[in-house]
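Q: Top to bottom, those sequences are chains A and B.
Those letters in the first sequence? Residues 1 to 114, by the working numbering.
Those letters in the second sequence? Residues 1 to 110, by the working numbering.
Glycine included, C-beta positions come from ideal geometry on N, C-alpha and C.
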Amino acid sequence: EPEVTQTPSHQVTQMGQEVILRCVPISNHLYFYWYRQILGQKVEFLVSFYNNEISEKSEIFDDQFSVERPDGSNFTLKIRSTKLEDSAMYFCASSWGQPDTEQYFGPGTRLTVT
Amino acid sequence: LAKTTQPISMDSYEGQEVNITCSHNNIATNDYITWYQQFPSQGPRFIIQGYKTKVTNEVASLFIPADRKSSTLSLPRVSLSDTAVYYCLVGDSNDYKLSFGAGTTVTVRA
């Protein structure tokens, strides 16, 4: 069964550093998403991406965040200057169709900011 | 966006049927009801989606009454591996994001 993959599984960085989280969505999917989950809290939407542009973003997704699909397979989330409160699990997801279709989530990247 | 309310937790035993009811009193005409499952340290996984009446797949059944103000996810004959958090979500095709609440933590005991 096709699956979404994410690298790295765990990233430790110092406050103020830039991090790039990588995702490989399912190959025929057209919609891509990033979510995060702070330990013990609910899953929060960050951003959706379709047709090479952001289609929707949340209040969390401020100027520190950016997304990119640099080639036909990868989808990245960049955090320019990490803060302690950015520590969380970051999940990438993809879907083939409009948002009411099933979203397939990756295993997540655990980001720890020290 | 329709607000959902579901129990915080439920306990069950192996082999039993688990029914989780979600309230969504202000569901809109175009809204679908979707359930996701999440194991610890993993991403959510789609279980089932429906609009009205009953939907069944190899994992679960979803019952939606005519007024659509609630829905019930039914997990038949649960096993220990069904211990997870279950989320009820309501949204339409114009809403790109999935809005997760706190979910229902289902604990299955031997």
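Since Ala-88/A and Arg-22/A are thought to touch, with beta carbons under 8 Å apart, how far apart are those beta carbons, to the nearest angstrom?
A: Within the first sequence, numbered from 1, the residue matching residue 88/A stands at position 88. Within the first sequence, numbered from 1, the residue matching residue 22/A stands at position 22. Actually they are not in contact, since the Cβ atoms of Ala-88/A and Arg-22/A sit about 16 Å apart, beyond 8 Å.
Q: Figure out for me which residue from Ile-54/A, Gly-97/A, Met-15/A and Ser-9/A has the closest Cα to the Cα of Arg-80/A.
A: Here the question's residue 80/A lines up with position 80 in the first sequence. Nearest option by C-alpha distance: Met-15/A.
Q: Can you list, in chain order, the residues of the segment 65 to 94 of chain A whose Cβ is nearer than 9 Å to any Cβ on chain B?
A: Residues passing the 9 Å Cβ filter: Met-89, Phe-91, Cys-92 and Ala-93.
Q: I need the straight-line Cα distance from Tyr-13/B to Thr-105/B, nearest angstrom please.
A: For the purposes of this step, residue 13/B is taken as residue 13 along the second sequence, with counting starting at 1. For the purposes of this step, residue 105/B is taken as residue 105 along the second sequence, with counting starting at 1. Looking at the two C-alpha atoms, the distance is approximately 14 Å.
Q: Give a yes or no on whether the minimum CB-CB distance between Phe-63/B and chain A is below 8 Å.
A: Start at 1 with the first residue of the second sequence, and residue 63/B comes out as number 63. No, no contact with chain A.
Q: How is the beta strand (DSSP E) around Gly-91/B delimited, first residue to last?
A: Residue mapping note: residue 91/B aligns to position 91 of the second sequence, counting from 1. Per DSSP, Gly-91/B belongs to the beta strand (DSSP E) from 84 to 91.
Q: Taking its Cβ as the centre, do 16 or more other Cβ atoms sit within 10 Å of Tyr-24/B, making it buried, or is it exposed?
A: For the purposes of this step, residue 24/B is taken as residue 24 along the second sequence, with counting starting at 1. Note that residue 24/B is His in the sequence shown here, rather than Tyr. Per the 10 Å Cβ criterion, buried.
Q: Since Thr-5/B contacts Cys-22/B with CB under 8 Å, what's their CB separation in whole angstroms?
A: Residue 5/B sits at position 5 when you count from the first residue of the second sequence. Residue 22/B sits at position 22 when you count from the first residue of the second sequence. With a Cβ gap of about 7 Å, Thr-5/B and Cys-22/B count as contacting.
Q: Determine the chain A residues that contact Gly-101/B at a beta-carbon separation under 7 Å, and present them in chain order.
A: The count along the second sequence starts at 1 and reaches residue 101/B at position 101. Chain A residues near Gly-101/B: Lys-42.
Q: So, are the CB atoms of Leu-30/A and Trp-96/A less than 8 Å apart?
A: Residue numbering aside, residue 30/A sits at position 30 when the first sequence is read from its first letter. Residue numbering aside, residue 96/A sits at position 96 when the first sequence is read from its first letter. Yes, they are a contact pair.
Q: Alpha carbon to alpha carbon, how far is Val-19/A from Ala-60/B? Give it in angstroms, no decimals.
A: As a working mapping, residue 60/B is identified with position 60 in the second sequence. As a working mapping, residue 19/A is identified with position 19 in the first sequence. Distance between the alpha carbons of Ala-60/B and Val-19/A is about 39 Å.
Q: Could you have a look at Leu-84/A and say whether DSSP puts it in helix, strand or coil?
A: Looking up residue 84/A in the first sequence gives position 84. Here Leu-84/A sits in helix by DSSP.
Q: Which of the three DSSP states, helix, strand or coil, is assigned to Leu-80/B?
A: As a working mapping, residue 80/B is identified with position 80 in the second sequence. Leu-80/B falls in the helix class under three-state DSSP.
Q: Scan the segment 48 to 79 of chain B for residues whose Cβ lies nearer than 8 Å to a Cβ of chain A and list them as they occur along the chain.
A: Within the segment 48 to 79 of chain B, the qualifying residues are Gln-49.
Q: Give me the Cα-Cα distance between Gln-98/A and Glu-53/A, rounded to the nearest whole angstrom.
A: Indexing the first sequence from 1 puts residue 98/A at position 98. Indexing the first sequence from 1 puts residue 53/A at position 53. So the two alpha carbons sit approximately 15 Å from each other.
Q: For Pro-40/B and chain A, any beta-carbon pair shorter than 8 Å?
A: Taking the second sequence and counting its residues from 1, one reaches residue 40/B at position 40. It does not: the Cβ of Pro-40/B has no partner Cβ on chain A nearer than 8 Å.
Q: At the 8 Å Cβ level, is Glu-3/A part of the contact set with chain B, yes or no?
A: Residue numbering aside, residue 3/A sits at position 3 when the first sequence is read from its first letter. By this cut-off, Glu-3/A is not an interface position.
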